[in-house]
Amino acid sequence: MLDVLDILNEINALMIKISADHAMGKENFVALKMIEINEKETLEDNENVLVTRPE
1 MLDVLDILNE INALMIKISA DHAMGKENFV ALKMIEINEK ETLEDNENVL VTRPE
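Under the UniProt record's numbering, the letters of the sequence shown match residues 1 to 55, in that order.
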């Protein structure tokens, strides 16, 4: 499972590096980060799925 606090701390640290006059950059960054988090969760969910085949 992903640690939400670690993810938020990482996002905050990276957002500080985006200049204040580039507001869309921050919005785009957050959107991309959320997609990345969703993809990681999907991969983890897929790894935890037990596949059974009818005999």
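Built from N, CA and C at the ideal position, the CB exists for glycine as well. Note that the structure is a prediction, hence the values are computed from the model and not measured.
Residue from I37, N46, M24 whose Cα sits closest to the Cα of D6 = Residue mapping note: residue 6 aligns to position 6 of the sequence shown, counting from 1. With distances taken between Cα atoms, D6 lies closest to I37.
query: Helix, strand or coil: which one does DSSP assign to D45?
result: Locating residue 45 in the sequence shown gives position 45, where the first residue counts as 1. The answer is helix: DSSP assigns D45 an H, G or I state.
So V30 and I11 are supposed to be a Cβ contact under 8 Å. How far apart are they, rounded? Looking up residue 30 in the sequence shown gives position 30. Looking up residue 11 in the sequence shown gives position 11. Right, their Cβ atoms sit about 7 Å apart.
Tell me where the alpha helix (DSSP H) around I11 begins and ends. Position 11 of the sequence shown, counting from 1, holds the residue named residue 11. Looking at the DSSP string, the run of the alpha helix (DSSP H) that includes I11 is 4 to 16.
- Please report how far the alpha carbon of K40 lies from the alpha carbon of E47, in whole angstroms. Working through the sequence shown from its first residue, we reach residue 40 at position 40. Working through the sequence shown from its first residue, we reach residue 47 at position 47. Approximately 11 Å, taken between the alpha carbons.
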